[in-house]
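Reviewing the structure listed below.
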Amino acid sequence: MKKYSLIVLVIGVLLSAFLSGCSGGSKEEKVKMGISGSDSDVWKYIAEKAKKEGIDLETVEFSDYVRPNQALADGDIDANSFQTISYFNSFKKEHKLDLAPIATTVIAPMGVYSEKYKDIKDIPDGATIALPNEATNMGRGLLLLQSAGLIKLEKNFDGNGDLKKVIENKKHLKLKPVVAGQTPRVLPDVAASIINNGVAVDAGMNPKKDAIYLESKTAKPYINIIAVRTEDKNNKTLKKIAKIYQSKATAKKINEIYKGATIPTFVPLSEIGE
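Start counting the sequence shown at 1; every next residue gets the next number (this note's numbering).
Written out as structure tokens, the structure is:
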């Protein structure tokens, strides 16, 4: 009888192992996504949606713009979502990283802010305007001033900031480069300051309400992306996550969270030069 019981137990164990192997396809796939802290609420929502698709999405928060790409290249994370296509292209070229975008996400519009003027047209001749001193963001700031009609840039402007590339400045504005994080702090000392979206939000501002001039979602070089290693650009799991991000439900969630300060911008990669 004991021998019979032992045989039954062994058969049970083998059958359990067999069935477990057969159901292996339902095992959750794990993905590590590098993000900036300000995006955590959106990615928490996406992680909940991904769970229903059999994906265990873990977010890894970064506080700077250098480590997320390096961590991706090194294989410490599987994808990241924190940067504009302009910054991404510049960074991967400079650091010789084999990375690629798989989807567009949002645009976090840069804005012109002022404690002295309600309309950008009111900025007087000879006024001082602060802008970020880092090349990519300075270039973005210069393009913003050009779109507002305050300056004109050289014909083949490449997006990299350099005050020498301003070829027309009819109001004789004094453009003052400062560290990006200081752009809100200099507001009392200047006519206006050009401030990145995230920096403005961290300083307690609402870009949609407080900016006197705001970048539109047509500023395609500054649309944010999800990036992966080039070898993974056709990875089905990563593409599922991108599809979840670009859903109407996620767009609605983004609008609820940011109230227009960050704009869902789901355009084909071909429209942003990829």
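Positions of the beta carbon are idealized from the N, C-alpha and C atoms, including for glycine.
- The bridge partners DSSP lists for K243 come to none.
- In this structure, the beta-carbon distance from I241 to I46 falls below 8 Å.
- Listed in chain order, the beta strand (DSSP E) runs fully inside the stretch 31-73 are 55-62, counting runs of at least 3 residues.
- Distance from the CA of E215 to the CA of G273, rounded to the nearest whole angstrom, comes to 19 Å.
- Residue pairing by DSSP places S81 opposite I35 in a beta bridge.
- DSSP, read as helix, strand or coil, puts Y258 in helix.
- About 15 Å separates the Cβ atoms of I55 and T250, ruling out a contact at the 8 Å cut-off.
- Nearest in C-alpha terms to K243, of all of A50, S40, I35, V42, is A50.
- Cβ neighbours of H172 within its own chain (closer than 6 Å, five residues either side excluded): D125, G126.
- Residue burial is scored here from C-beta neighbours: P264 has at least 16 other C-beta atoms within 10 angstroms and is therefore classed as buried.
- Rounded to whole angstroms, the separation of the alpha carbons of I254 and S247 is 11 Å.
- Taking a contact to require three or more Cβ pairs closer than 8 Å, the stretch 55-70 and the stretch 109-119 do not qualify as touching.
- Taking all protein chains in view, the Cβ of I167 is surrounded by fewer than 16 other Cβ atoms within 10 Å, so the residue is classified as exposed.
- With respect to the 8 Å criterion, V228 and I35 are not classified as neighbours on the basis of their beta carbons.
- DSSP, reduced to helix, strand and coil, places I123 outside both helices and strands of the structure shown, so it counts as coil.
- The way I'd put it, the stretch 172-191 does touch the stretch 128-135; three or more beta-carbon pairs between them come closer than 8 Å.
- In the three-state reduction of the DSSP assignment, I167 falls in the strand class.
- DSSP places V201 in the helix class (H, G or I) of the three-state scheme.
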